[in-house]
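The block underneath contains the structure these notes are about, expressed in C-alpha cells.
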Amino acid sequence: MFAIQKAYQQGSLCKSQWGNNILAGLVVGVVALPLAMAFAIASGVTPQAGIYTAIIAGIFVSLFGGSQVQIAGPTGAFIVLLSSIVVNYGFDGLQIATMIAGIIA
Numbered sequence: 001m002f003a004i005q006k007a008y009q010q011g012s013l014c015k016s017q018w019g020n021n022i023l024a025g026l027v028v029g030v031v032a033l034p035l036a037m038a039f040a041i042a043s044g045v046t047p048q049a050g051i052y053t054a055i056i057a058g059i060f061v062s063l064f065g066g067s068q069v070q071i072a073g074p075t076g077a078f079i080v081l082l083s084s085i086v087v088n089y090g091f092d093g094l095q096i097a098t099m100i101a102g103i104i105a
C-alpha cells in the first residue's frame, strides 16, 4: 500500500487536518532545506543540487512511504559522506568510523 493511500484511509488528508499538515510541512522544510544545502556543499556540489534532491526525495517518500525503521529526508545525504569513507579507507574503515562515532555519541 502506498503511504498516500494509508493517509487517506486514516483520515489524515481531510480538510480538518490541512492546517496540521501544512504546519508540519513548513517545519520540515525549515529544517530539511538548509540541511540538504549543507550536505550538498560538503559533498562538493552546488547548494541547488541539495535543494533539488531534498524536494524530489521528499515527494517520493511522502507518496510511497517507507518502513517505520527507515530514515528518509536530508539525513539520507550522509551516503555521500559515507561513500567517501569507503572509497578512501574501504569497508573496514567505514566499520571502524561507525564504531568510533557510536563510542563518541
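Start counting the sequence shown at 1; every next residue gets the next number (the working numbering). For each residue, glycine too, the CB sits at the ideal point set by N, CA and C. Just so we're clear, the structure is a prediction, and the values are computed from it rather than from any experiment.
Residue ranges of each alpha helix (DSSP H) within the stretch 16-54, 4 or longer: For the stretch 16-54, whole alpha helix (DSSP H) runs of length 4 or above, ordered along the chain, are 18-42.
When the distance is taken between beta carbons, is residue 100 closer than 7 Å to residue 93? Counted from its first residue, the sequence shown places residue 93 at position 93. Counted from its first residue, the sequence shown places residue 100 at position 100. Contact: no.
Identify, in the order they occur along the chain, each residue of the same chain with its Cβ nearer than 7 Å to the Cβ of residue 2, setting aside the five sequence neighbours on each side. Taking the first residue of the sequence shown as position 1, residue 2 is located at position 2. For residue 2, where only same-chain residues beyond five positions count, the Cβ hits under 7 Å are 63, 64, 65.
Go ahead and pull the three-state DSSP assignment for residue 65. Indexing the sequence shown from 1 puts residue 65 at position 65. Residue state for residue 65 is assigned as coil, using DSSP reduced to three classes.
To the nearest angstrom, how far is the alpha carbon of residue 51 from that of residue 91? For the purposes of this step, residue 51 is taken as residue 51 along the sequence shown, with counting starting at 1. For the purposes of this step, residue 91 is taken as residue 91 along the sequence shown, with counting starting at 1. If you take the alpha carbons of residue 51 and residue 91, they lie about 29 Å apart.
Is residue 83 helix, strand or coil when you go by DSSP? As a first step, residue 83 is located in the sequence shown; it is residue number 83 there, counting from the start. Residue 83 falls in the helix class under three-state DSSP.
Using a Cβ-Cβ cutoff of less than 7 Å, which residues in the same chain neighbour residue 33 once the five nearest sequence positions on both sides are dropped? For the purposes of this step, residue 33 is identified with residue 33 of the sequence shown, where counting begins at 1. Scanning its chain for C-beta atoms nearer than 7 Å, with the 5 sequence neighbours on each side dropped, one finds around residue 33 the residues 51, 54, in chain order.
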